[in-house]
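A.B. asks: If you count by full-length UniProt numbering, then the sequence shown holds residues 1 to 367, one letter each, in order.
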Amino acid sequence: MNTEKNVYIQLNNLRKSYASADVIRGLNLGIFQGEFISVVGPSGVGKTTLLRILAGLETSDSGEISLMPDSGYWDPILMVFQDFMLFPHLTVAENIAYGLRSPEFARRLLSAPVSSRENSSQNGASRKYGTRRPLSRKEKSARIQEMVTGYIQEFGLQGLENSYPSRISAGEKQRTALARTMILQPKLLLLDEPFANLDQNRKMNTALFIRNMQKKHQVTTLAVTHDLQEAFAMSDRIGVMLDGDLAQVSDVETLYSRPASREVGEFLGPLNILPPRIWNECRFTEDLPTPGEQNARLLIRSESISAGSDASGKAVITSRRFQGTLIHLEAEILGTKLQIYSLQSRLKPGDRVSLTIHDYVIHKEKS
């Protein structure tokens, strides 16, 4: 991500409603140049509406969207749709080449430097080409072929050039849709649910592919997705959208380990919530927190709490489940149930244990 953190696009107090339902409620967000940011959240909170507004497919009711001051006249914002939107009657290569044939993109991408000879007429008058000239039809065809071949190779589509969308897999369709978009060199890339049509085995590989592609091209990218693990894998920052607004926007590690609220924490994964009466019954690798008020709670990730066999411990293991790479333990202490993830454990239901807290966030519950 750009270390200078130049804001490429700024959203201020964005609002959108349908009939009497408020979908986006005063949303503010700055997207840094060259970063990959994902917006996650439950269904129906306005994620796709936000994307469509940025793509120009819908208009906001109020608010402001502004590009960085030195943005050029031609700064294309392009979107890859959830269902890919490939043309069924065109081959993979023809789909990728499609946008290059539009006048606006052809003018920007299919041109050549003007030679000194071309740039002056016999009487020395300047021609109207500026510094570049349009390609001839033959030159344009050769240039399109060259660009399409390069993107087919980069996106791993070799051998599928002449295949139609109905004959390729969902993953290949997605890479075709991405190649068709990236060949147009967008300044802002919008991804709508990029994993929705992929099976579970392909999601993480696709997330890493998208991330590597984004870094190589240094394109500012905003994705909306339900897939949290893939969002963590490919994003510089993640925004959690709840009730039409962004409840928290942070780098991925801070977001997970330091949720700004109980709602954000619970959306992102299993979360233990400890009232003050239990704090003194646990060990802390950091300083023991001061309860302050009775409605204070500790928010603790399941990976940030460990259980050790202890005959005098106040907690009891109530269940044990093997989940491949992790062992999922459930424990109970003073009527409060806890979820504990461990890489290895010999503990079994009925064992008494002591609990150690390695990391936590103090949260004040609403009265």
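All residues carry an ideal CB built from backbone N, CA and C; glycine is no exception.
1. Does the count of Cβ pairs from the region 201 to 218 and the region 8 to 22 closer than 8 Å reach three?
2. Among N197, R352 and G63, which has the Cα closest to the Cα of F84?
3. When burial is assigned at 16 or more other CB atoms within 10 Å of the CB, is G244 buried or exposed?
4. Between the alpha carbons of N28 and A55, how many angstroms are there, rounded?
5. Would you kindly check if the distance between the Cβ of D251 and the Cβ of D227 is under 8 Å?
6. Determine the DSSP secondary structure at M241, reduced to helix, strand or coil.
7. Would you mind working out which of I37, D61, S43 and V40 sits nearest A19, comparing C-alpha positions?
8. Using a 10 Å radius around the Cβ and a threshold of 16 neighbouring Cβ atoms, would you call Y73 buried or exposed?
9. Three Cβ pairs or more, each shorter than 8 Å: is that satisfied between the region 331 to 341 and the region 304 to 313?
10. K366 to L100, Cα distance in whole Å?
11. In or out: S126 buried (at least 16 other Cβ within 10 Å) or exposed?
12. Using DSSP bridges, identify the partner residues of L29.
13. Could you tell me which whole alpha helix (DSSP H) segments of length 4 or greater appear in the region 174 to 231?
14. With burial defined as no fewer than 16 other Cβ atoms inside 10 Å of the residue's Cβ, what is the status of N272: buried or exposed?
15. Which runs of the beta strand (DSSP E) fall wholly inside the region 269 to 323 and span at least 3 residues, in chain order?
16. Mind checking which residues open and close the beta strand (DSSP E) that includes K364?
17. For Y18, does the three-state DSSP call read helix, strand or coil?
18. Note down the Cα distance separating K216 from L326, rounded to an integer number of angstroms.
19. What residue range is occupied by the uninterrupted beta strand (DSSP E) comprising M79?
20. Have a look at the DSSP bridge pairing and note the partners of Q248.
21. Please classify S312: is it buried, with 16 or more other beta-carbons within 10 angstroms of its beta-carbon, or exposed?
C.D. replies: On the basis of the coordinates in this document:
1. no
2. N197
3. buried
4. 17 Å
5. no
6. strand
7. D61
8. Its pLDDT being 49, under 50, Y73 is placed unreliably by the model, and nothing is read from it.
9. yes
10. 55 Å
11. Unreliable positioning characterises S126 in this predicted model, as indicated by a pLDDT of 39, which lies under 50. The coordinate reading is nonetheless provided below. With fewer than 16 Cβ atoms within 10 Å of its Cβ, S126 is classed as exposed.
12. L11
13. 200 to 217
14. buried
15. 271 to 274, 296 to 301, 305 to 309 and 315 to 323
16. V361 to K364
17. strand
18. 34 Å
19. I77 to V80
20. V240
21. exposed
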